[in-house]
Amino acid sequence: MQQIIRIGTRDSQLAVWQATLVQGLLKEAGVASELVYMKSEGDIDTVTPLYALGVTGVFTKTLDAALLNNRIDIAVHSMKDVPTQLAQGIQQAAVLKRASHKDILVFHPDLDQRDSQFEVASIEIMLSGSKTSEDKIVFPLRENPEKPGTPEDVVIATGSVRRIAQWLHRFPEHKMENLRGNVNTRLRKLKESNWHGAIFAAAGLERINLRPDHSIDLDWMLPAPAQGAIMVVCREGDNYAFEACQSFNDEATALCTKIEKDFLRVLMGGCSTPISAYAELKKENVHFRGNVCSPDGKDLVDTAFVLPKETALTWGEEAARQLLNDPKAQRIIETVRNGKQ
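The sequence shown begins at 4 in the numbering used here and counts up one residue at a time.
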């Protein structure tokens, strides 16, 4: 009898979509499978900001435990949520071809219907496809109840300290609000709020056809390492599960995400740190950009390289080490390590 691979997944709509995609790829390879649903620590606590939870792997630990206890055979993760060091006894089995790596700004759905007394071109964002100029997005602003005669503050929501840091670096006058929950919950919270917009990963919304029309790509915002990629893990020594998943492993995505995660690991980061990285394979060269930003957005240090793919494999680590030679980057990392938000 053929072995049935048990696929562990969180029970959110996006997580199930990703696990179902993997199930379809296994089926194409002639491998039978079934889904096993679970809730992670990050799913249960949808209020506390991720950086305040104080641990890594809040979306992966439950599935890791199930793997090690032989309750499932593989687990499917959004790769950006996976700690830079896998749990002992667990190995990477495959990385799927990457979807969009970008962050997007979703505007409040009723923003253009708000009565406003101030027409303030308060935010300039590089629009998708714009390469030579920055187009202005005009938020209709009401009167500030605390300061009559002046416009209200622009308020943007996100639960990501990386997004907060980059946004405040570009727009220091704006206010940020915490936003947690799965993508459906976050869209609902945005609609019920008085915020002007919220930041999401493009891939998460696009995969389940939830990206609103009232949204734009944030081409200037560098993503979390491995954002847009799906990772499958299995137990070490489980050759059947490993080989089954290798049938759909995308080598280019695996290479680029390894470089990004190595950069993150050397800089001490997890998915709740203000560290960003993106590597892209163009022809035979890897183009890499990375940065570290202070949580308040005041300081940002970046780095970049272009190298042949054969040479680039270990350069995520090297780029991080070079960045750590910068005194400003050292101060930022020390601030984050000490938990000073």
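All C-beta atoms, glycine included, are put in the ideal place defined by N, C-alpha and C.
Apart from the five residues just before and just after residue i, which ones in its own chain have a Cβ nearer than 6 Å to its Cβ?
i    : result
N185 : S15
D265 : G319 and E320
Q21  : V79 and I233
P215 : V109
S250 : A32
T23  : none
Taking residue i as the reference, give the member of the options with the closest Cα.
i    : options                   : result
P228 : S250, T87 and T65         : T87
I93  : D67, L99, L303 and K105   : D67
G293 : Q325, V339, T65 and S250  : Q325
R74  : H80, K150, E37 and A205   : E37
L108 : A96, E254, T161 and P148  : T161
F308 : H199, W318 and N181       : W318
H217 : T276, L99 and D113        : D113
P298 : V339, P330 and I262       : V339
R210 : A97, N341, S103 and Q5    : S103
G240 : L208, R189 and D76        : D76
Q91  : I159, L171, R238 and H199 : R238
E195 : F110, A323, D302 and L310 : F110
L267 : T306, A255 and N252       : T306
R189 : N197, T65 and F203        : F203
A323 : N341, K192 and V269       : V269
A280 : P226, E254 and D253       : P226
W198 : L17, L144 and D302        : L144
If you run the structure through DSSP and keep just helix, strand and coil, what is residue i?
i    : result
R340 : helix
M271 : coil
D299 : coil
L284 : strand
A257 : helix
M41  : strand
L225 : coil
R145 : coil
Q347 : Summary: the structure shown does not reach residue 347, with the chain confined to residues 4 through 344, and so no result is reported for it.
Q333 : helix
A315 : helix
L114 : helix
I75  : coil
I202 : strand
I219 : strand
I93  : strand
V98  : strand
So, for residue i: in the same chain, excluding its five sequence neighbours on each side, which residues have a beta-carbon less than 7 Å away from its beta-carbon?
i    : result
A247 : I8, L29, A32 and V34
M234 : H80, M82, V85, Q95 and V98
P175 : G300
L17  : N185, V186, G207, R210 and I211
V58  : With a pLDDT of 41 at V58, under the threshold of 50, the predicted position of this residue should be treated as unreliable, though the coordinate-derived value follows. Here the set comprises nothing.
D253 : V98, L99 and K100
Just reading off the beta strand (DSSP E) that residue i is part of, what are its end residues?
i    : result
H290 : N288 to C296
E239 : Element bounds for E239: n/a, residue is neither H nor E.
F308 : L303 to P311
V34  : Neither: V34 is in no beta strand (DSSP E) and is coded neither H nor E.
R13  : I8 to R13
Here's a check: name, in chain order, each residue in its chain whose Cβ is nearer than 8 Å to the Cβ of residue i, leaving out the five neighbours to either side.
i    : result
Y40  : T12, R13, D14 and V19
K312 : L258, L284, E287, N288 and V289
D329 : V304
A244 : I8, D76, I77, A96, C237 and R238
M179 : V158, I159, A160, T161, I167, W170 and L171
L327 : V269, L270, Q333 and I336
L71  : A90, G92, I93 and R238
Tell me which residue opens and which closes the alpha helix (DSSP H) that residue i is part of.
i    : result
T23  : Q16 to E31
G319 : W318 to L327
H172 : V164 to R173
K178 : K178 -> not in any alpha helix (DSSP H); beta strand (DSSP E) instead, spanning K178 to E180.
G207 : A205 to R210
V157 : No alpha helix (DSSP H) holds V157; DSSP gives it neither H nor E.
V186 : V186 to E195
L70  : K64 to L71
Since residue i and residue j should fall inside the 8 Å C-beta cutoff, what is the C-beta to C-beta distance between them, to a whole number of angstroms?
i    : j    : result
V25  : V79  : 5 Å
P277 : V157 : Wrong, their Cβ atoms sit about 20 Å apart, outside the cutoff.
V236 : L89  : 7 Å
A201 : L221 : Contact flag wrong, Cβ pair sits at about 12 Å.
A315 : I262 : 6 Å
H172 : I159 : Not quite, the Cβ-Cβ distance comes to about 13 Å (not below 8 Å), so this is no contact.
R101 : G207 : With a Cβ gap of about 13 Å, R101 and G207 do not count as contacting.
A255 : D106 : Actually they do not touch by this definition, with Cβ atoms about 21 Å apart.
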